[in-house]
């Protein structure tokens, strides 16, 4: 991951930031500000090149009415070109947007805007929010778990994945749609959901956002954020739209709870504006099952008493038993390979090759959005501990990594049932790979794997002697099963060889950090398995991914929503 230093107000104007960060724009109508910021967000999304991005935004979105940029602006662009520094940042623009919504100002009839002065006011305010936003890492050591958390959280990587990874989310919708179509509890609800949103099947929910990403925006419209709604399902637009009535007199707008889940803003003339294309990632990745529940719940007769009850069902039946199991069955398809998954032996115990055994725990959880928005490291660690490191003696039930210890006890019994099911006769012959598969991209942050693996290793001593070897625990994003399916299934040893290479990478960089120290070396040895894989293999494997998924799964989607007959 490449980090870019962002230029702020104090550096440019050589003076402290105003006490009120909206001082220069407080007289401007909020909808006007939102339009200007949305244009910048569109350009940030569609132009990844830092130099072109900066010049395009300055000339087209900030100073469109100024033929000749000032000497100060030319000096700034030279800093960007020479030192790889940035002026415009999606996360700090989002903070600007949030504060504007908290201080909602309605436009007055006949209010005049002086373009040149307003352009400078908006530019200065952007730089102010750069200073405010990125000050969050000041005073925290970057050679610490908290430092890496803050550095990752302020980048908003869970929202700002590239187009390639947004397509992986789209592929998952085919599995979601197939599951709902055949699940006895959700099939009837699927009809109601599709009727509510005017869709033929749930897969089209994901396609709606993908089409917006590929057909609209800066590439064709010069950064025009106003949405062309012809041909788009109005139910989807309205459901995911923020309206000014929701915001007037609100002083506690949450970016993650109020704005990001609603990526459209409804304008007075019944037009809609895209606030940030990156917000689609949250709506499509995390918003589907919540929207599904809201659109289909029946308060008096519903089988699920609340969303948490519904989500628990989805976590078990869809995420674990359908999605993850489907990919494990494809990866470990050979007669010599075994997959055991029963009420007693959970979630999956896999004989991958020879005496290599994978112990897999599956956890579908969502880190609370406010935890990341507020950069609340203590709460982040609490959520990790609660979901992945809870022990029965402390909180009533083993969770996450500690579930694997119980399965290791079963596996260590020579001549026991689990060994017979796997076709392995002695525990001392086994190499064990503890794996936790999760869904939330926030857990891809550097340091999470090292933290959970370290806590797990501290409790492992009693079990370690029973086996030939127990490898370090790996935290694995479920998306990797889709992205690297064609690589994982190449040979019986493919996946364990990749795990071993990751362990070697981490060990080598840890040794380098211990010798030379430094924030960069610290981050490298704390690299997540997801980041390691994406760095190891090329980023243009989409054709391989689609071919592999099509060859291994029947994902033909039926139109069953709007017209059941």
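In our numbering, the protein residues as written are 70 to 634.
Don't be surprised by glycine CBs; every beta carbon is placed ideally from N, CA and C.
As the structure is a prediction and not an experimental result, all values here were calculated from the model.
Which residue marks the beginning of the alpha helix (DSSP H) containing residue i, and which one marks its end?
{"i": "residue 112", "result": "99-115"}
{"i": "residue 534", "result": "Taken as a continuous stretch (DSSP letters only), residue 534 belongs to no alpha helix (DSSP H), as it is neither H nor E."}
{"i": "residue 264", "result": "256-266"}
{"i": "residue 45", "result": "What is shown of the chain runs 70 to 634, which leaves residue 45 out entirely."}
{"i": "residue 217", "result": "214-224"}
{"i": "residue 305", "result": "303-308"}
{"i": "residue 187", "result": "184-203"}
{"i": "residue 545", "result": "Careful: residue 545 lies outside any alpha helix (DSSP H), inside the beta strand (DSSP E) at 543-546."}
{"i": "residue 446", "result": "446-457"}
{"i": "residue 59", "result": "Absent from the model: residue 59. The displayed extent of the chain is 70 to 634, so no value can be given."}
{"i": "residue 576", "result": "563-585"}
{"i": "residue 489", "result": "486-491"}
{"i": "residue 438", "result": "438-442"}
{"i": "residue 478", "result": "470-480"}
{"i": "residue 171", "result": "159-171"}
Apart from the five residues just before and just after residue i, which ones in its own chain have a Cβ nearer than 8 Å to its Cβ?
{"i": "residue 478", "result": "532"}
{"i": "residue 569", "result": "540"}
{"i": "residue 119", "result": "73, 149, 153 and 155"}
{"i": "residue 89", "result": "95"}
What number of angstroms, rounded off, separates the C-alpha of residue i from the C-alpha of residue j?
{"i": "residue 96", "j": "residue 174", "result": "8 Å"}
{"i": "residue 171", "j": "residue 304", "result": "27 Å"}
{"i": "residue 200", "j": "residue 514", "result": "23 Å"}
{"i": "residue 229", "j": "residue 446", "result": "20 Å"}
{"i": "residue 244", "j": "residue 300", "result": "25 Å"}
{"i": "residue 415", "j": "residue 399", "result": "19 Å"}
{"i": "residue 412", "j": "residue 275", "result": "33 Å"}
{"i": "residue 260", "j": "residue 388", "result": "21 Å"}
{"i": "residue 188", "j": "residue 323", "result": "27 Å"}
{"i": "residue 407", "j": "residue 489", "result": "11 Å"}
{"i": "residue 495", "j": "residue 425", "result": "12 Å"}
{"i": "residue 434", "j": "residue 214", "result": "21 Å"}
{"i": "residue 280", "j": "residue 582", "result": "44 Å"}
{"i": "residue 475", "j": "residue 486", "result": "14 Å"}
{"i": "residue 579", "j": "residue 508", "result": "27 Å"}
{"i": "residue 126", "j": "residue 191", "result": "12 Å"}
{"i": "residue 519", "j": "residue 102", "result": "42 Å"}
{"i": "residue 256", "j": "residue 506", "result": "26 Å"}
{"i": "residue 166", "j": "residue 417", "result": "45 Å"}
{"i": "residue 162", "j": "residue 114", "result": "12 Å"}
Less than 7 Å between C-beta atoms, sequence neighbours within five positions excluded: which residues of the same chain meet that for residue i?
{"i": "residue 331", "result": "309, 310 and 311"}
{"i": "residue 599", "result": "513, 546 and 549"}
{"i": "residue 565", "result": "421, 422, 425 and 502"}
{"i": "residue 131", "result": "188, 191 and 192"}
So the beta strand (DSSP E) residue i belongs to, where does it begin and stop?
{"i": "residue 341", "result": "341-343"}
{"i": "residue 500", "result": "500-507"}
{"i": "residue 51", "result": "Because the chain spans 70 through 634 in this model, residue 51 falls outside it and cannot be assessed."}
{"i": "residue 422", "result": "417-422"}
{"i": "residue 514", "result": "Premise fails: residue 514 is in no beta strand (DSSP E) and is neither H nor E."}
{"i": "residue 407", "result": "407-409"}
{"i": "residue 334", "result": "333-335"}
Using a 10 Å radius around the Cβ and a threshold of 16 neighbouring Cβ atoms, would you call residue i buried or exposed?
{"i": "residue 334", "result": "buried"}
{"i": "residue 370", "result": "exposed"}
{"i": "residue 210", "result": "exposed"}
{"i": "residue 430", "result": "buried"}
{"i": "residue 592", "result": "buried"}
{"i": "residue 353", "result": "buried"}
{"i": "residue 346", "result": "buried"}
{"i": "residue 469", "result": "buried"}
{"i": "residue 534", "result": "exposed"}
{"i": "residue 83", "result": "exposed"}
{"i": "residue 77", "result": "buried"}
{"i": "residue 356", "result": "buried"}
{"i": "residue 249", "result": "buried"}
{"i": "residue 348", "result": "buried"}
By Cβ distance below 6 Å, which residues in the same chain neighbour residue i in space, the five residues on each side in sequence not counted?
{"i": "residue 626", "result": "246, 270 and 272"}
{"i": "residue 452", "result": "436"}
{"i": "residue 376", "result": "362"}
{"i": "residue 422", "result": "561 and 562"}
{"i": "residue 588", "result": "211 and 212"}
{"i": "residue 392", "result": "244"}
{"i": "residue 320", "result": "171"}
{"i": "residue 555", "result": "613 and 617"}
{"i": "residue 241", "result": "none"}
{"i": "residue 522", "result": "541 and 542"}
{"i": "residue 594", "result": "575, 578, 579 and 582"}
Exercise. Can you list the beta strand (DSSP E) stretches of 3 or more residues lying completely in the region 369-415, in chain order?
Worked result: 407-409
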